[in-house]
């Protein structure tokens, strides 16, 4: 059963609120799960529910997503600002944590795990590596630029998700319906919009995609890492994945998935559990 909460965080000259859902016994070892660019905390419900018998699982909505407050300026939706908000959540949890980060959530994990005295003890990077090709960022920019402002029904919104997030893998109808339910935000006229501030797309749409090199950050990571790759991913290339393996990361390839595996299937959940228990 998910329990809702929130933490205040200071960004610039204003306090904002970051929402989260948590599962399991708060006295149990903590696992923080952080979603990708346009997603939200409820993506992790199947994983969190599966792990809740053994772990305290906390899944935040990044700023501007889900139930977290929107930021006043589109320019604030930049990756360096997200760890600022997440550090307040880590202070609230106030104990060592394992980290599961999908895409942008993995970038946040890299930044926080590389910090001195980090509370992160081990990390799952879901389809995110220290090198991101410009072509993958261009694809993301394209689909965000073409996202409709509103949908006439939840069914229409779900159909959109099935199309743009087909690389999530082989999801069941119930899983797609779950994603659609928590991705929908009611708007005037009985329609629905995706559950994020449309301004999160502005920095991406206004930028020129370039390769992102985070190898210097990766070199600072001293904790165990499980790297997960969708077999057809364009964001975590096979070359980067193999280099991560060579640097000591444990690895898992999810077949029939691209960027990024949904982490909803039993074999992947079992592998994550095993890694967390090592």
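In the working numbering, the protein residues as written are 237 to 514. For every residue, glycine included, the Cβ atom is placed at its ideal position computed from N, Cα and C.
{"Query": "Inter-stretch contact at 8 Å, needing at least 3 Cβ pairs: the segment 406 to 424 / the segment 383 to 395", "Result": "yes"}
{"Query": "Endpoints, alpha helix (DSSP H) assigned at residue 482", "Result": "474 to 482"}
{"Query": "Cut-off 6 Å between Cβ atoms - residues of its own chain near residue 388, not counting five sequence neighbours on either side", "Result": "427"}
{"Query": "Strand pairing of residue 302, partner residues [DSSP]", "Result": "Answer is none; residue 302 lacks a bridge partner."}
{"Query": "Counted within 10 angstroms of its Cβ, other Cβ atoms place residue 276 as buried (16 or more) or exposed", "Result": "buried"}
{"Query": "Cβ separation of residue 512 and residue 505, assumed to be a contact under 8 Å, to the nearest whole Å", "Result": "Actually they do not touch by this definition, with Cβ atoms about 11 Å apart."}
{"Query": "Residues near residue 243 in its chain [Cβ-Cβ closer than 6 Å; skip 5 each side]", "Result": "254, 324, 325 and 328"}
{"Query": "8 Å contact criterion, which residue 266 and residue 333 should meet: CB distance rounded", "Result": "4 Å"}
{"Query": "Three-way DSSP call (helix, strand, coil) for residue 347 in this model", "Result": "helix"}
{"Query": "Supposed contact pair residue 497 and residue 464 - C-beta distance, whole angstroms, cut 8 Å", "Result": "6 Å"}
{"Query": "Opening and closing residue of the beta strand (DSSP E) in which residue 527 lies", "Result": "With the chain represented from 237 up to 514, any question about residue 527 goes unanswered, as that position is not in the structure."}
{"Query": "Rounded C-alpha distance that separates residue 351 from residue 306", "Result": "27 Å"}
{"Query": "CB contact flag (residue 480, residue 300, <8 Å)", "Result": "no"}
{"Query": "Span of the beta strand (DSSP E) around residue 457", "Result": "No beta strand (DSSP E) holds residue 457; DSSP gives it neither H nor E."}
{"Query": "Residue 408 in three-state terms, based on DSSP", "Result": "coil"}
{"Query": "Residue 406 burial status per 10 Å Cβ neighbour count (16 or more: buried)", "Result": "exposed"}
{"Query": "Straight-line gap, residue 376 to residue 314 (C-alpha atoms, nearest Å)", "Result": "15 Å"}
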